[in-house]
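Protein chains in written order, with the numbering used here: chain Z, 1395 to 1726; chain W, 1395 to 1726; chain V, 436 to 776; chain L, 436 to 776.
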Amino acid sequence: MATRKISYREAINEALVQEMERDSNVILIGTDIAGGAGGEGKDDAWGGVLGVTKGLYGKFPGRVLDTPISETGYMGAAVGAATQGLRPVAELMFIDFAGVCLDSMLNQAAKFRYMFGGTAVTPLTVRAMYGAGLRAGAQHSQALYPMFTHFPGLKVVVPSSPYEAKGLLAQSIRDDDPVLFFEHKLMYEVTGEVPEESYTIPFGKAHVVREGGDVTIVAIGRMVSLAELAATELQASGISVEIIDPRTLSPLDLDTILGSVNKTGRLVVVDEASPRCNLATDISAQVVSEAFGDLLAPVKMVSPPHVPVPFAASLEDLYMPSTQDIVNAVKT
Amino acid sequence: MATRKISYREAINEALVQEMERDSNVILIGTDIAGGAGGEGKDDAWGGVLGVTKGLYGKFPGRVLDTPISETGYMGAAVGAATQGLRPVAELMFIDFAGVCLDSMLNQAAKFRYMFGGTAVTPLTVRAMYGAGLRAGAQHSQALYPMFTHFPGLKVVVPSSPYEAKGLLAQSIRDDDPVLFFEHKLMYEVTGEVPEESYTIPFGKAHVVREGGDVTIVAIGRMVSLAELAATELQASGISVEIIDPRTLSPLDLDTILGSVNKTGRLVVVDEASPRCNLATDISAQVVSEAFGDLLAPVKMVSPPHVPVPFAASLEDLYMPSTQDIVNAVKT
Amino acid sequence: MTQTPSNLATLGLDAPDASALSSVQLLDVYRTMRTIRAFEDRLHREFATGDIPGFVHLYAGEEASAAGVCAHLESGLDTIASNHRGHGHMIAHGVDVKAMMAEIYGKSTGLCHGKGGSMHISDLSKGFLGANGIVGGGPPLVCGTALAHKIKGDGGVGVAFFGDGASNEGAVMESLNLASVWNLPAVFVVENNGYAEATAANWSVSVDNVSDRAAGFGMPGVIVDGTDFFAVYEAAGEAIRRAREGGGPTLLEVKLTRFYGHFEGDQQTYRTRAELKNAKANMDCLKHFRRRVTESGLLTEAQLAEVDTQTAQLIEEAVTEAKAAPVPDPAELLTDVYVTY
Amino acid sequence: MTQTPSNLATLGLDAPDASALSSVQLLDVYRTMRTIRAFEDRLHREFATGDIPGFVHLYAGEEASAAGVCAHLESGLDTIASNHRGHGHMIAHGVDVKAMMAEIYGKSTGLCHGKGGSMHISDLSKGFLGANGIVGGGPPLVCGTALAHKIKGDGGVGVAFFGDGASNEGAVMESLNLASVWNLPAVFVVENNGYAEATAANWSVSVDNVSDRAAGFGMPGVIVDGTDFFAVYEAAGEAIRRAREGGGPTLLEVKLTRFYGHFEGDQQTYRTRAELKNAKANMDCLKHFRRRVTESGLLTEAQLAEVDTQTAQLIEEAVTEAKAAPVPDPAELLTDVYVTY
Ligand SMILES: Cc1ncc(C[n+]2csc(CCOP(=O)(O)OP(=O)(O)O)c2C)c(N)n1
Ligand SMILES: Cc1ncc(C[n+]2csc(CCOP(=O)(O)OP(=O)(O)O)c2C)c(N)n1
Ligand SMILES: [Mg+2]
Ligand SMILES: [Mg+2]
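1) Throw me the rounded Cβ distance for the Ser602(V) and Gly683(V) pair, which I believe falls under 8 angstroms.
2) Among the candidates Gly573(L), Ser553(L), Thr470(L), whose CA atom is the shortest distance from the CA of Ala1503(Z)?
3) On the three-state DSSP scale, how would you describe Lys426(L)?
4) With respect to 7 angstroms, is the separation between the Cβ of Asp599(L) and the closest non-hydrogen atom of ligand 5 below this value?
5) For Val530(L), which of Ala455(L), Ser560(L), Asp476(L), Val594(L) has the nearest alpha-carbon?
6) Find the residues of chain V that neighbour Val1515(W), judging by a C-beta separation of less than 9 angstroms, and give them in chain order.
7) List, in order along the chain, the chain W residues whose C-beta lies closer than 9 angstroms to that of Asn603(L)?
8) So does Ala499(V) have its beta carbon nearer than 7 angstroms to some heavy atom of ligand 1?
9) Determine the direct distance from the alpha carbon of Leu1450(W) to that of Gly1586(W), and round the result to whole angstroms.
10) Examine chain W for any beta-carbon lying closer than 8 angstroms to the beta-carbon of Arg520(V), and answer yes or no.
11) If I measure Cβ to Cβ from Lys1694(Z) and keep anything under 6 angstroms in the same chain, skipping five residues before and after, which residues do I get?
12) Return the CA-CA distance between Gly672(L) and Phe596(L), expressed in angstroms with no decimal places.
13) Specify whether the segment 1451 to 1463 of chain W and the segment 1456 to 1470 of chain Z touch according to this definition: at least 3 beta carbon pairs, one from each stretch, less than 8 angstroms apart.
14) Check the Cβ-Cβ distances between Asp1570(W) and every residue of chain V, and say whether any is below 8 angstroms.
15) In whole angstroms, what is the alpha-carbon distance linking Lys1436(W) and Gly629(L)?
16) Looking only at DSSP bridge pairs, what is Tyr1524(W) linked to?
17) Quick one: residues in its chain with C-beta nearer than 7 angstroms to the C-beta of Leu446(V), no 5 flanking neighbours on either side, listed in chain order?
18) Return helix, strand or coil for Met783(L), following the three-state DSSP convention.
19) Using a threshold of 7 angstroms, is the CB atom of His1700(Z) nearer than that to any non-hydrogen atom of ligand 2?
20) For the beta strand (DSSP E) that contains Pro1482(Z), what are its first and last residues?
21) Identify which residue in Gly1525(Z), Leu1690(Z), Tyr1582(Z), Leu1528(Z) has its Cα closest to the Cα of Gly1607(Z).
22) Under three-state DSSP, which class holds Gly809(L)?
23) Using a Cβ-Cβ distance under 8 angstroms, would Gly1547(W) count as near chain V?
24) Measure from the C-beta of Leu1709(W) to each C-beta in chain Z and report whether the shortest distance is under 8 angstroms.
25) Which residues of chain Z have a Cβ atom closer than 8 angstroms to the Cβ of Pro1702(W), listed in chain order?
26) For ligand 3, any of its heavy atoms closer than 7 angstroms to the Cβ of Asn628(V)?
27) How about Gly1470(Z) and Ala606(L): do their beta carbons lie closer than 8 angstroms?
28) Closer than 7 angstroms, Cβ to any Cβ of chain Z: which residues of the segment 1555 to 1582 of chain W, in chain order?
29) So if I threshold CB-CB distances at 9 angstroms, which residues from the segment 1468 to 1481 of chain Z count as touching chain L?
30) Please tell me whether Gly1432(W) and Arg706(L) are closer than 8 angstroms, where the distance is taken between their beta carbons.
31) Taking 7 angstroms as the cut-off, is the C-beta of Ile526(V) nearer than that to any heavy atom in ligand 1?
32) Between Ala709(V), Thr685(V), Val532(V), which has its C-alpha nearest Gly651(V)'s C-alpha?
33) Look at Arg1443(W) and Met1487(W) and say whether their C-beta atoms are less than 8 angstroms apart.
34) Would the beta-carbon of Asp663(V) fall within 8 angstroms of that of Val594(V)?
35) Could you check if Arg1416(Z) is buried or exposed, using at least 16 other CB atoms within 10 Å of its CB as the buried criterion?
36) What is the DSSP secondary structure of Lys758(V), counted as helix, strand or coil?
Structural data, given as structure tokens:
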């Protein structure tokens, strides 16, 4: 029996509601995640810049905290609160803003447990919008998850569908380590089947989105849907594609990827992040060092060029990896 | 005729002196790069936390600026000054402090030229200490150059010797793009032959440190010296090693690396940075996608484990890649 | 571009005494403010058609601030760092209106070849460092441009425009301290329009006025009515002269209101209808200016009406030309990342 | 650990009136300050032998600040975030002195199993969030712990210790505003020892007193003589009581001096010999305390001397045991990065 269809935005909102109902230690912190503070007009006027947290302010009095525009202050506060038994879900509106508050994640949350000899527990979830396509320009369109994947002590989650978004966010909130949760700004309107009841998706377990025998495509976040389109197109020309969605980049389920490459002998990694030191290079290199003998062809990486994200729609469309880019990578 | 030997510290200081003498637009900005501001005691009391900028304050009145502890403020100021024809050399004492001032590099300096349609020129050099080994703990021992290599618009330089340090720093200062210049804190006492006269080393040109036919080792920064020790040891057991020092990670001289792999058929990349999405994975993946056919064996990556840098000397020594690790990577 | 408002400083407006302004100068001030208003009103309509990509933050209602400050700045000498709501600052500083419009449409004829967009329009040839998509991004940059003015001794001043919300960013507060410690020729203009997105300044700023923080950084904090061009003109003139003469930085708080939402699409439910109605009725700097100059007989309705017509035509041309302009050449995707690479 | 100073709050010291302190309590205060001094003096000597790895920042000279503030805090309830100069804060909050010493030596018996070191000693079981190697790192964390106290309604208070140099970090200034906007039970203790590394506060802080900035964040700014335990005790007691009662945050500036260099190895040439000599002769909080309690007859020289002896013995044992303790098991390199991975 089919479950109901809701959007990626609704799936995230529902996960927040269910986790806040389940555990009173879960609180939300972010700029205008409610909106209307101090104004004469409505409270909860925004529910987040794109409406993802709409309605939570009224549902959970005192647990949805707006902030001054002080990311260093409130992200650090989220880290501090997490060490005291709360489970803060902090929203960094755009991941690009990590530029003004990276320390809280890089040098505090990520390192407490190790520096403090295992005595610290920091169950923090940072939600942030990432990705190109909204014509938002170079400072509001980056992916940046490679940078967080690089930092030991952090977990990195990139949901590729409404179903993944709900289950992975629930797991992020219940997880006892600091988690960066990446939401692609072009996907909020995407709908899909999502169970109404609460559920979690475990970290470090990749999802085989489609089975196939000729080539393995590892795709991240929004790139998964492009890979599916490419796979359909390639099927027509007789190429059977296996698509793997790692779901979490740290931890990374390398075994599932290796197993698939062992079967197909070919690997294409599709990553929306800038090409240097990104996940495409990370996954490709790990596969090559672990399963060189299984590879029948060069690993292919599909990523944008090494340039900032351009504003003009015509250029931004060229910038983003496309279905055609994936098809070409598989065919050549 | 042998040139004189000086330390890595002296080489950097000399490059700064010569560039400041050559171009009055070169200024230095950083916390305690002089020291003594406002105090009743000596001026230029420190010359930097480890004495690298010693003596410059007196030599160049008004051009060596100490700062309050406000990295966001003064790094941003360095970016702004660079757009106005000055050539600031800003010191970020430890690269780990990028956590409190990343925006100036990530979203400002790196993106101006592109966002502004080619009208901006931002000749900024950021000097920063990196690396493990000083028992400085998790917040003062990171490498982090993979993160900067990931950002389009920045150039990333990692000198491996006093000679490289002087020539690459001079080039960094003369370069019209923003440059991150990484100084390994364990190398300041390392001495080597350095010409007295001013010289530059071009970006994007790798240095073949040692020629060999059996295996290519690409090593970064301080790892180059370890690779040389490993090569000598391997020579004894009849293995001829070619060592390549990329010198600059962005731009990266892939051609020289590919040429060497074409000759040796084997690649080991030694990178002191945390293992996920680092330069070892970046270079390995690029080689595999460009020269899969040349490889006779799996690419090997020698990097620390995916953990923060531990404080205890016994653990930190285990953490850092060692000569033995490199030898083992080549042999197995 | 004859109809583009020329940079006011070229008219030699450096006397903070607004009563000294000639009618020629006043007409130019009016042209500036009217051009900004017409530019923003038109963008509001065009955005609704879906023709304009991305995030657009309109400056309508705040014109007197940009005009009053930039009147004292010299194009090509002084430096300005703006924020996401930067159209007004650019126009007041004499940036080409048509090239701005083209940039907002993402066209090759735009100031940034379409690679920047509304949040990143810049004109470095005029000392305009650009709008900035990072709240609080501008003030640190201005510490740098002001430092350059000081080191070069060129007599220039660096001006940072930012909002009440930005005033809570560490970047802004560090800049105030740094500018004071380095005694920089800088002016920090905080445009307090009462809101940061949907959050009221009376909630997010833990003190009555942003300028109350100036004392903590050893600089004067000045409050001025942003609906009154003449008041802004005099206060800004004083702060800029102090900076130019080596007297150090000033924090100038301009109290004003924005007519449109935070960005286009914002329904502004956090404000009451009454509040908005009152703002447009009683806090319109253009109305105030118009009344003052006509009542005092300095300008006639006819003169002002002519400017209105010329301005409307300029904006009409700007939009028409922007729409007709070609998109960037695909090759532009890869150009101008580095000077050399 | 009987000789370790017990956390003073367990003695019920919550009355800001210092004259109400009993001789038992005063003796414990003395033990705390003396233990800190002995700990730091010994580290100074041991560091010179080369036995101690990394960067070590000593608190000698500043004891009255930690003792006066922590006297009002309850171990396990209240929360503290410290900075790089944190040994004194820990000892005053009742953290195990021997486990601290072992950590500084990088031994497995250390509070962090040797994985943290001097800059990262922590004891979360006591609400001590750790020293911090990032200047300005503590205040944002304390906004979070204070928020947790407020949400849980546990009556706890969050206290951040930081320096005059840190006061110029955006992180600190954002935290002051945030604590005020959220009306948090927090106290921000700025220990102004006149220097940040080699830079004097009178240069880097663009106003006479760091606490002068409090007004700009809508909170009281209080200045207290850090060489006088009793003054700190009363001022801190008042601020902490206000916070506990929901009255909001306070910025408490403690004026004091450091006896040793910024870190071990610093020659302090930025200070004059006279200045240092005067500091040790006339700004020694231990001397002041000793004189006060003996002259007033509250304690005898004999009682104090006994504490000196016990303290010296404790530190001697701490160093001996630390040196003898095993280094961390190599397996520790890979453990405790994540709770699960
Ligand atoms: C560092 C950062 N944080 C948050 C944002 C999102 N944002 C864009 S504009 C804005 C509000 C700014 O308010 P204010 O400074 O008062 O300027 P105004 O929009 O009122 O002109 C916010 C929160 C951003 N762009 N950058
Ligand atoms: C973000 C950051 N910037 C710079 C440093 C280097 N640093 C460590 S301590 C220190 C001086 C701090 O001075 P202050 O806050 O007055 O504390 P004090 O050392 O005087 O106790 C500096 C600059 C750092 N650790 N972190
Ligand atoms: Mg505002
Ligand atoms: Mg200090």
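Cβ coordinates follow ideal geometry from the N, Cα and C atoms, glycine included.
Well, looking at it:
1) Reading the third sequence from its first residue, position 167 is the one you call residue 602(V). Reading the third sequence from its first residue, position 248 is the one you call residue 683(V). Incorrect: roughly 19 angstroms between the Cβ atoms, too far for contact.
2) Mapped onto the first sequence, residue 1503(Z) falls at position 109. The shortest C-alpha separation from Ala1503(Z) is found at Gly573(L).
3) In this structure chain L extends from 436 to 776, so residue 426(L) is not present and cannot be described.
4) Ligands displayed in this structure: ligand 1, ligand 2, ligand 3 and ligand 4; ligand 5 is not among them.
5) In the fourth sequence, the residue the question calls residue 530(L) occupies position 95. Ranking the options by Cα distance to Val530(L), first place goes to Ser560(L).
6) For the purposes of this step, residue 1515(W) is identified with residue 121 of the second sequence, where counting begins at 1. Residues of chain V passing the Cβ test: Leu559, Val774.
7) Position 168 of the fourth sequence holds residue 603(L). Residues of chain W passing the Cβ test: Thr1461, Pro1462, Ile1463, Ser1464, Gly1467.
8) Here residue 499(V) is taken as the residue at index 64 of the third sequence, counted from 1. Relative to ligand 1, Ala499(V) has its C-beta separated by 7 angstroms or more from all heavy atoms.
9) Working through the second sequence from its first residue, we reach residue 1586(W) at position 192. Working through the second sequence from its first residue, we reach residue 1450(W) at position 56. About 22 angstroms.
10) In the third sequence, the residue the question calls residue 520(V) occupies position 85. Chain W, which has no Cβ nearer than 8 angstroms to the Cβ of Arg520(V), makes this no.
11) For the purposes of this step, residue 1694(Z) is taken as residue 300 along the first sequence, with counting starting at 1. Excluding the 5 residues flanking it on each side, Lys1694(Z) has same chain C-beta neighbours closer than 6 angstroms at Val1662, Ala1723, in chain order.
12) Taking the fourth sequence and counting its residues from 1, one reaches residue 672(L) at position 237. Taking the fourth sequence and counting its residues from 1, one reaches residue 596(L) at position 161. Going from the Cα of Gly672(L) to the Cα of Phe596(L) covers about 15 angstroms.
13) At 8 angstroms Cβ cutoff, the stretches do not touch.
14) What you label residue 1570(W) is simply residue 176 of the second sequence in a count that begins at 1. The beta carbon of Asp1570(W) sits closer than 8 angstroms to some beta carbon of chain V.
15) The residue labelled residue 1436(W) in the question sits at position 42 within the second sequence. The residue labelled residue 629(L) in the question sits at position 194 within the fourth sequence. Answer to the nearest angstrom: the Cα atoms are 15 angstroms apart.
16) Walking along the second sequence from the start, residue 1524(W) turns up at place 130. Note: Tyr1524(W) sits in a beta bridge opposite His1578(W).
17) Sequence index remark: in the third sequence, residue 446(V) carries index 11 (1-based). Residue placement at Leu446(V) is flagged as unreliable, the pLDDT there being 43, under the threshold of 50; the coordinate-derived value follows with that caveat. The answer, listed in chain order, is Gln460, Asp463.
18) This structure cannot speak to residue 783(L), because chain L is shown only from 436 to 776.
19) Taking the first sequence and counting its residues from 1, the one referred to as residue 1700(Z) is at position 306. If you check the C-beta of His1700(Z) against ligand 2, you find no heavy atom less than 7 angstroms away.
20) Numbered from 1 along the first sequence, position 88 holds the residue referred to as residue 1482(Z). Per DSSP, the continuous beta strand (DSSP E) segment holding Pro1482(Z) begins and ends at 1481 to 1488.
21) The residue labelled residue 1607(Z) in the question sits at position 213 within the first sequence. If you compare the alpha carbons of Gly1525(Z), Leu1690(Z), Tyr1582(Z), Leu1528(Z) with that of Gly1607(Z), the shortest gap goes to Leu1690(Z).
22) Beyond the ends of chain L as shown, which are 436 and 776, falls residue 809(L); an answer cannot be given.
23) Taking the second sequence and counting its residues from 1, one reaches residue 1547(W) at position 153. Yes, Gly1547(W) lies at the interface with chain V (some Cβ there is under 8 angstroms from its Cβ).
24) Within the second sequence, the letter at position 315 stands for residue 1709(W). With 8 angstroms as the cut-off, Leu1709(W) does not count as an interface residue toward chain Z.
25) Within the second sequence, numbered from 1, the residue matching residue 1702(W) stands at position 308. Within 8 angstroms Cβ-Cβ: Ala1504, Lys1505, Tyr1508, Met1509, Pro1546, Gly1547.
26) Position 193 of the third sequence, counted from the first residue, corresponds to residue 628(V). Because some heavy atom of ligand 3 lies under 7 angstroms away, the Cβ of Asn628(V) counts as near it: yes.
27) Within the first sequence, the letter at position 76 stands for residue 1470(Z). Within the fourth sequence, the letter at position 171 stands for residue 606(L). Inclusion of Gly1470(Z) and Ala606(L) in the CB contact set at 8 angstroms is warranted, their separation being smaller than that value.
28) Cβ contacts with chain Z: none found.
29) Per Cβ criterion, the list reads Tyr1468, Met1469, Gly1470, Ala1471, Ala1472, Val1473, Gly1474, Ala1475, Ala1476, Thr1477, Gln1478, Gly1479, Leu1480.
30) Here the question's residue 1432(W) lines up with position 38 in the second sequence. Here the question's residue 706(L) lines up with position 271 in the fourth sequence. No. Outside cutoff.
31) Counting from one through the third sequence, the residue named residue 526(V) turns up at place 91. It does not: the Cβ of Ile526(V) is nowhere closer than 7 angstroms to a heavy atom of ligand 1.
32) Residue mapping note: residue 651(V) aligns to position 216 of the third sequence, counting from 1. Of the candidates Ala709(V), Thr685(V), Val532(V), the one whose C-alpha sits nearest the C-alpha of Gly651(V) is Thr685(V).
33) On the second sequence, position 49 is the one that residue 1443(W) refers to. On the second sequence, position 93 is the one that residue 1487(W) refers to. The identity of residue 1443(W) in the sequence shown is Val, whereas the question assumes Arg. Less than 8 angstroms divides the Cβ of Val1443(W) from the Cβ of Met1487(W).
34) As a first step, residue 663(V) is located in the third sequence; it is residue number 228 there, counting from the start. As a first step, residue 594(V) is located in the third sequence; it is residue number 159 there, counting from the start. No Cβ-Cβ contact shorter than 8 angstroms links Asp663(V) with Val594(V).
35) What you label residue 1416(Z) is simply residue 22 of the first sequence in a count that begins at 1. Result: exposed.
36) Indexing the third sequence from 1 puts residue 758(V) at position 323. Three-state result, Lys758(V): helix.
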